[in-house]
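Remarks on the structure that follows.
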Amino acid sequence: MHQYEKDGPAIYRQSFATIRAEADLAGLPADVSQVAVRMIHACGMVDLVRDLAFSPNAVA
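Start counting at 1 in the sequence shown, then tack on 172, and there's your number in the working numbering.
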């Protein structure tokens, strides 16, 4: 039988690691990429990065 992860923080760490591995965040500034990772986590669409638009200092 498969052992499912039950630890919430561990699930989040693995989820964000998977997103960073699968999404093309290379063209984004570090602060914007953090927002993009959260957006992808919310909707599951790793390809949404190509549709993002942002301006300088958009993330506070």
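Backbone N, C-alpha and C fix where the C-beta goes; we use that ideal spot for every residue, glycine too.
Everything numeric in this text was worked out from a predicted model, so none of it was measured.
Over what stretch of residues does the alpha helix (DSSP H) that includes Ser-187 continue unbroken? Within the sequence shown, numbered from 1, the residue matching residue 187 stands at position 15. That run of the alpha helix (DSSP H) goes 180-194.
Rounded to the nearest angstrom, how far is the Cβ of Ile-191 from that of Val-209, given a contact under 8 Å? On the sequence shown, position 19 is the one that residue 191 refers to. On the sequence shown, position 37 is the one that residue 209 refers to. About 5 Å; that satisfies the 8 Å criterion.
First through last residue of the alpha helix (DSSP H) which encompasses Val-209: Looking up residue 209 in the sequence shown gives position 37. Start and end: 202-215.
What's the call for Val-221, buried or exposed, on a 16-neighbour Cβ count within 10 Å? Within the sequence shown, the letter at position 49 stands for residue 221. Buried is the call here.
In chain order, what residues of the same chain have a beta carbon less than 8 Å from the beta carbon of Glu-177, not counting five sequence neighbours either side? Mapped onto the sequence shown, residue 177 falls at position 5. Once the five neighbours on either side are set aside, the close Cβ partners of Glu-177 are Ile-183, Gln-186.
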